[in-house]
Amino acid sequence: MVVSLIMISLFLDGYLSFFVPMYYNSLFMPLCTITSLVVCFPLTKKKYLIAFMIGSLYDLLYTNMLVLHGIIFIIIYYLLNKINIFTKKKILDNIIKLILVITLYRFILIVFSNILYFKKFNIYTLLNNIYSYYIFNIIYAFIMMIILKNMSQKDKYNK
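Residue numbers (the numbering used here): 3 to 161.
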């Protein structure tokens, strides 16, 4: 069930990219796949395999790089694995993890863009529009947490 939620988020990224203008002054920038990885992290069993497969599928569908997001998603899961030692499964902890992961994700993409494409992005580029990623994805994380909570309550009643 968790993998299906991550897959829905993967396709939601593509669907929303048609409707959300992808420029720096946009108020909402979707990263549904990243958000679902953060919210569903404690519930997945084969974390690194799922992260690599979803990241590679993300690259196949939306970018020209074949395994870049697979590697980035593994790095994100490694970070989440280390952070989960110190946090609980509370909503605020998930939001803080999401903010850290989105910032790390954008930072890694800027570093790779500087190396691979020889474009000069700086830290201002990262900080200039990062709030738009936070707004949409925190709302999406709340929705996903509510869905997962309702699903777990239904499982308790069905047993």
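Here a beta-carbon is modelled for each residue, glycine too, at the ideal position from N, C-alpha and C.
Apply the 10 Å Cβ neighbour rule to Ser19 and answer buried if 16 or more other Cβ atoms are within range, or exposed otherwise. Exposure of Ser19 is indicated by the presence of fewer than 16 other C-beta atoms within 10 angstroms of its C-beta.
Should Ser6 and Thr35 be called a contact, given that it needs their Cβ atoms to be closer than 8 Å? no
How about Ile104 and Leu33: are their beta carbons less than 8 Å apart? yes
Cα-Cα separation between Ile93 and Tyr79, rounded to whole angstroms: 18 Å
Enumerate in chain order the residues of its own chain whose CB-to-CB distance from Tyr135 is below 8 Å, with the five nearest sequence positions on each side excluded. Met31, Leu33, Ile104, Arg108
Tell me the rounded alpha-carbon separation between Tyr142 and Ile52. For Tyr142 and Ile52, the distance between alpha carbons rounds to 20 Å.
Alpha carbon to alpha carbon, how far is Val69 from Phe13? Give it in angstroms, no decimals. 18 Å
Any idea what DSSP makes of Phe123, helix, strand or coil? coil
Minimum C-alpha distance to Leu81 - residue among Leu100, Met67, Lys91: Leu100
Coarse secondary structure for Met67, derived from DSSP in three states: coil
Counting only the same chain and skipping the five closest in sequence on each side, list residues whose C-beta sits under 8 Å from that of Cys42. Val4, Leu7, Ile8, Met146, Leu150
Straight-line Cα distance separating Asn66 from Lys84: 30 Å
Do Asn116 and Phe123 come within 8 Å of each other at the CB atom, strictly closer than that value? Between Phe123 and Asn116, the C-beta spacing is below 8 Å.
In angstroms, rounded to a whole number, what distance separates the CA positions of Ser38 and Asn139? If I take the Cα positions, the gap works out to 9 Å.
Which residue wins for smallest C-alpha separation from Leu106, given the options Leu128, Asp95, Lys91, Met153? Leu128
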